[in-house]
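Undergrad:
In the numbering used here, the protein residues as written are 98 to 358.
#1: For residue 219, which option in 233, 250, 260 and 189 has the closest C-alpha, if you only look at C-alpha atoms?
#2: Whole angstroms are fine: how far does the CA of residue 334 sit from the CA of residue 258?
#3: According to the neighbour-count rule (16 or more other Cβ atoms, all chains shown, within 10 Å of its Cβ), is residue 167 buried or exposed?
#4: In chain order, what residues of the same chain lie with their CB nearer than 8 Å to the CB of residue 146, ignoring the 5 residues before and after it?
#5: For a test of the three-state rule: what should DSSP assign to residue 155, helix, strand or coil?
#6: Using 8 Å as the cut-off, can you tell me whether the region 276 to 294 makes contact with the region 230 to 238, which would need three or more C-beta pairs spanning the two stretches below that distance?
#7: Kindly provide the ranges of any alpha helix (DSSP H) runs that are 4 or more residues long and lie completely inside the region 175 to 260, ordered along the chain.
#8: Per the DSSP calculation, residue 358 is bridged to which residue(s)?
#9: Give the range of the alpha helix (DSSP H) segment to which residue 318 is assigned.
#10: Could you check which residue in 294, 297 and 322 has the C-alpha nearest to that of residue 275?
#11: Taking the beta carbon of residue 157 as the centre, do at least 16 other beta carbons fall within 10 Å, making it buried, or is it exposed?
#12: Just reading off the alpha helix (DSSP H) that residue 276 is part of, what are its end residues?
#13: How is residue 339 classed by DSSP in three states: helix, strand or coil?
#14: To the nearest angstrom, how far is it from the Cα of residue 326 to the Cα of residue 341?
#15: Alpha carbon to alpha carbon, how far is residue 247 from residue 178?
#16: Evaluate contact between the region 128 to 144 and the region 184 to 202, counting only Cβ atoms and requiring at least three cross-stretch pairs below 8 Å.
#17: Going by C-alpha to C-alpha distance, which of 196, 207 and 253 sits closest to residue 123?
#18: Between which two residues does the alpha helix (DSSP H) containing residue 285 stretch?
#19: If we call anything under 7 Å between Cβ atoms a contact, is residue 150 one with residue 344?
#20: Look up residue 345 in the DSSP assignment and give the residues it is bridged to.
#21: Between residue 112 and residue 309, how many whole angstroms is the CB-CB distance? I'm expecting something under 8 Å.
#22: How long is the line joining the alpha carbons of residue 226 and residue 307, rounded to whole angstroms?
#23: What is the DSSP secondary structure of residue 322, counted as helix, strand or coil?
#24: Can you say whether residue 215 is buried or exposed, counting buried as having 16 or more other CB atoms within 10 angstroms of its CB?
#25: Does residue 126 come out as helix, strand or coil in the three-state DSSP assignment?
#26: Taking the alpha carbon of residue 182 as the point to measure from, which residue in 170, 272 and 143 has its own alpha carbon closest?
#27: Once the 5 residues before and after residue 244 are set aside, which same chain residues still bring their CB inside 6 Å of it?
#28: In angstroms, rounded to a whole number, what distance separates the CA positions of residue 250 and residue 171?
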């Protein structure tokens, strides 16, 4: 049996118990509600923790995703599970004509909207409440669909991928950023040690969070699909995987797929 991850500060708002995390959190019947609760709890410190605990690499990963998307004049982009809007804004800066960010956690959307005021008014993305598995968007609406570190948190990834394929135009591109287990054993061991023993404590302290969000993170990575399994699931949704880019010693993988005409 897997050992329960170390606990962070306790609060009444705890979403994930140590017992649940000792099992596979993706199999929880209450996963969607728990994921929403934990992101609501950490929204205010989410960006700071991302920078600190990725050692600043999270923004480089997002920039690589934008380059893979190959933004062209007139492109419309949908950033699913947009969180606080970092990737959403990166698409704006890359020159996309229209950018929509969608998330199912109101607190994350509030933070994204607060950040967007830094952009010129006519270049700000629009933010909408969105469920990745039931997008309120018409067929063939977007040139690019993206999701960064979110497909792992969806209750049914295959359903979400089918939705992404539906709203993509023929020739449209899907970009997925997701954490992964490094393939090289020593790096995998070191990453697991950091993610399961160090980061949960320090991130929970920074966030003053007791929801279990940063105990959930390493368990959700360990028990999620491998990069190759995710690619197969993307193909099953009717998209063609063009390439996968392993970054930072395999800690993060970018998957690029297209919807053929």
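Glycine residues also receive a C-beta, built at the ideal position from the N, C-alpha and C atoms.
TA: Here's the rundown:
#1: Reading the chain shown from its first residue, position 122 is the one you call residue 219. Here the closest residue by C-alpha is 189.
#2: Here the question's residue 258 lines up with position 161 in the chain shown. Here the question's residue 334 lines up with position 237 in the chain shown. For residue 258 and residue 334, the distance between alpha carbons rounds to 6 Å.
#3: The residue given as residue 167 occupies position 70 in the chain shown. By the 10 Å Cβ count, residue 167 comes out exposed.
#4: Within the chain shown, numbered from 1, the residue matching residue 146 stands at position 49. So the list reads 139, 300, 303, 304 and 311, once near-sequence residues are dropped.
#5: On the chain shown, residue 155 is found 58 positions in, with the first residue counted as 1. Of the three classes helix, strand and coil, the one that applies to residue 155 here is helix, per DSSP.
#6: no
#7: 183 to 190 and 203 to 213
#8: The sequence position of residue 358 within the chain shown is 261, counting from 1. Paired residue(s): none; residue 358 is not in a bridge.
#9: Residue 318 sits at position 221 when you count from the first residue of the chain shown. It spans 310 to 319 - the alpha helix (DSSP H) in which residue 318 sits, taken as one unbroken run.
#10: Position 178 of the chain shown, counted from the first residue, corresponds to residue 275. Closest option to residue 275, Cα to Cα, is 322.
#11: Counted from its first residue, the chain shown places residue 157 at position 60. Label assigned to residue 157: exposed.
#12: In the chain shown, residue 276 corresponds to position 179, counting from 1. From DSSP, residue 276 is part of no alpha helix (DSSP H) but of the beta strand (DSSP E) over 265 to 276.
#13: Looking up residue 339 in the chain shown gives position 242. Residue state, collapsed to three classes: strand.
#14: As a position in the chain shown, residue 326 is number 229, starting the count at 1. As a position in the chain shown, residue 341 is number 244, starting the count at 1. Between residue 326 and residue 341, the C-alpha separation is close to 12 Å.
#15: For the purposes of this step, residue 247 is taken as the residue at position 150 of the chain shown. For the purposes of this step, residue 178 is taken as the residue at position 81 of the chain shown. C-alpha separation (whole angstroms): 6 Å.
#16: yes
#17: Taking the chain shown and counting its residues from 1, the one referred to as residue 123 is at position 26. With distances taken between Cα atoms, residue 123 lies closest to 253.
#18: Locating residue 285 in the chain shown gives position 188, where the first residue counts as 1. Run containing residue 285: 282 to 290, per the alpha helix (DSSP H) assignment.
#19: The residue labelled residue 150 in the question sits at position 53 within the chain shown. The residue labelled residue 344 in the question sits at position 247 within the chain shown. Against a cut-off of 7 Å, the Cβ pair of residue 344 and residue 150 comes out as no contact.
#20: Within the chain shown, numbered from 1, the residue matching residue 345 stands at position 248. DSSP output for residue 345 lists no bridge partner at all.
#21: Against the chain shown, residue 112 aligns to sequence position 15. Against the chain shown, residue 309 aligns to sequence position 212. With 8 Å as the limit, residue 112 and residue 309 qualify as a contact, their Cβ atoms being about 5 Å apart.
#22: What you label residue 226 is simply residue 129 of the chain shown in a count that begins at 1. What you label residue 307 is simply residue 210 of the chain shown in a count that begins at 1. Residue 226 and residue 307: Cα-Cα distance of roughly 25 Å.
#23: Along the chain shown, read from residue 1 onward, the residue named residue 322 stands at position 225. It is coil, neither helix nor strand.
#24: Locating residue 215 in the chain shown gives position 118, counting from the first residue. Residue 215 comes out exposed.
#25: Working through the chain shown from its first residue, we reach residue 126 at position 29. Looking at residue 126 - three-state DSSP - the assignment turns out to be coil, as it is neither helix nor strand.
#26: As a position in the chain shown, residue 182 is number 85, starting the count at 1. If we check each option's Cα against that of residue 182, 143 comes out closest.
#27: Stepping through the chain shown from its first residue, residue 244 is reached at position 147. Hits under 6 Å: 177, 178 and 273.
#28: The residue labelled residue 250 in the question sits at position 153 within the chain shown. The residue labelled residue 171 in the question sits at position 74 within the chain shown. Their backbone Cα atoms lie some 31 Å apart in a straight line.
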